[in-house]
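A.B. asks: After the structure tokens below, expect a handful of questions from me.
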Amino acid sequence: MQAITNLSVYPLLLLLCITTAFSDGEIREYHGVTPKFRESFRNTTMECMKKFNTDLVRTVGLYTFNTPDRGSKCAVLCILQHQGIIDKNGNYEKKKYDIMLDNLPPSDFRTAFGNNLRGCLIEDSTDKCEKAYRFTSCLQKKWDNLPKVPEGAFSSRKLHI
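All letters in the sequence shown, in the order written, are residues -23 to -1, 1 to 138 by mature numbering (1 follows the signal peptide of the UniProt record, and there is no 0).
Here is the structure:
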């Protein structure tokens, strides 16, 4: 099994978790993400939101209320680009998703997440901000239908973080 040395796919999962947690009206604890990674992701998020003159409430509003906030959509793109999930031309870095899926333990979650991920990779738009939003929105909508994540699936030991 190939170890993940570039954690660029995990911001996608964290962004998905954040929007799902807030849209459910509660804050959940997500285990298996190192404090250093959380801090780095938080800093990237804040930097991107500042760059596009938006905030977490408006960005989460994209997913919970379908608010048409362009700044927030571009902040999502900025986060995904900064982490290498979408390249500067707006193309998906599909190989990174395959590596992530290969490192998840075999489970119903892995199968369902992989199928949903592949289904969302078809989201497209000539507008890169809109494309990033559609992709994360697609995943967010499918998140609640996934089976429970296996205990320790994202642990640092399993993923060689």
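Just so it is clear, CB atoms sit at the ideal spot from N, CA and C, and this is done for glycine as well. Keep in mind that this is a model prediction, so the values were computed, not measured.
Candidates Lys65, Thr88, Lys118: which alpha carbon is nearest Asp75's?
C.D. replies: Translated into positions along the sequence shown, residue 75 becomes position 98. Closest option to Asp75, Cα to Cα, is Thr88.
A.B. asks: Ends of the alpha helix (DSSP H) at Phe29?
C.D. replies: Here residue 29 refers to the residue found at position 52 when the sequence shown is read from its first residue. Taken as a continuous stretch (DSSP letters only), Phe29 belongs to no alpha helix (DSSP H), as it is neither H nor E.
A.B. asks: May I ask you to verify whether the stretch 101 to 120 touches the stretch 47 to 65, counting CB pairs closer than 8 Å and requiring at least 3?
C.D. replies: The stretch 101 to 120 is in contact with the stretch 47 to 65.
A.B. asks: To the nearest angstrom, how far is the alpha carbon of residue 143 from that of Lys13?
C.D. replies: This structure leaves residue 143 out entirely; the chain is present only between -23 and 138.
A.B. asks: Measure the C-alpha to C-alpha separation of Gly67 and Asp85 and round it to an integer number of angstroms.
C.D. replies: The residue labelled residue 67 in the question sits at position 90 within the sequence shown. The residue labelled residue 85 in the question sits at position 108 within the sequence shown. Near 30 Å, if we compare the C-alpha coordinates of Asp85 and Gly67.
A.B. asks: What does a CB cutoff of less than 8 Å around Tyr69 pick up in its chain, not counting 5 residues either side in sequence?
C.D. replies: The sequence position of residue 69 within the sequence shown is 92, counting from 1. For Tyr69, where only same-chain residues beyond five positions count, the Cβ hits under 8 Å are Ile62, Ile63, Leu98, Phe112.
A.B. asks: For the putative contact between His59 and Cys25, defined by C-beta atoms under 8 Å, what is the C-beta separation to the nearest angstrom?
C.D. replies: By 1-based counting over the sequence shown, the position of residue 59 is 82. By 1-based counting over the sequence shown, the position of residue 25 is 48. Sure, about 7 Å apart at Cβ, within 8 Å.
A.B. asks: Classify Gly96: buried if its beta carbon has 16 or more other beta carbons within 10 angstroms, exposed otherwise.
C.D. replies: Counted from its first residue, the sequence shown places residue 96 at position 119. When all chains shown are included, Gly96 counts as exposed.
A.B. asks: When DSSP labels each residue in this structure, what does Ile63 get in the three-state scheme?
C.D. replies: In the sequence shown, counting from the first residue as 1, residue 63 sits at position 86. Ile63 falls in the strand class under three-state DSSP.
A.B. asks: Spatial neighbours of Lys119 within its chain, please: CB distance less than 8 Å, with the 5 preceding and 5 following residues excluded, ordered by chain position.
C.D. replies: Taking the sequence shown and counting its residues from 1, the one referred to as residue 119 is at position 142. Result list for Lys119: Asn93, Gly96, Cys97, in chain order.
A.B. asks: If you draw a straight line from the alpha carbon of Asn30 to that of Thr103, how long is it in whole angstroms?
C.D. replies: Stepping through the sequence shown from its first residue, residue 30 is reached at position 53. Stepping through the sequence shown from its first residue, residue 103 is reached at position 126. Rounded to the nearest angstrom, the two C-alpha atoms are 22 Å apart.
A.B. asks: On the DSSP bridge list, what partners appear for Tyr74?
C.D. replies: If you number the sequence shown from 1, residue 74 lands on position 97. BP columns for Tyr74 are empty, so no partner.
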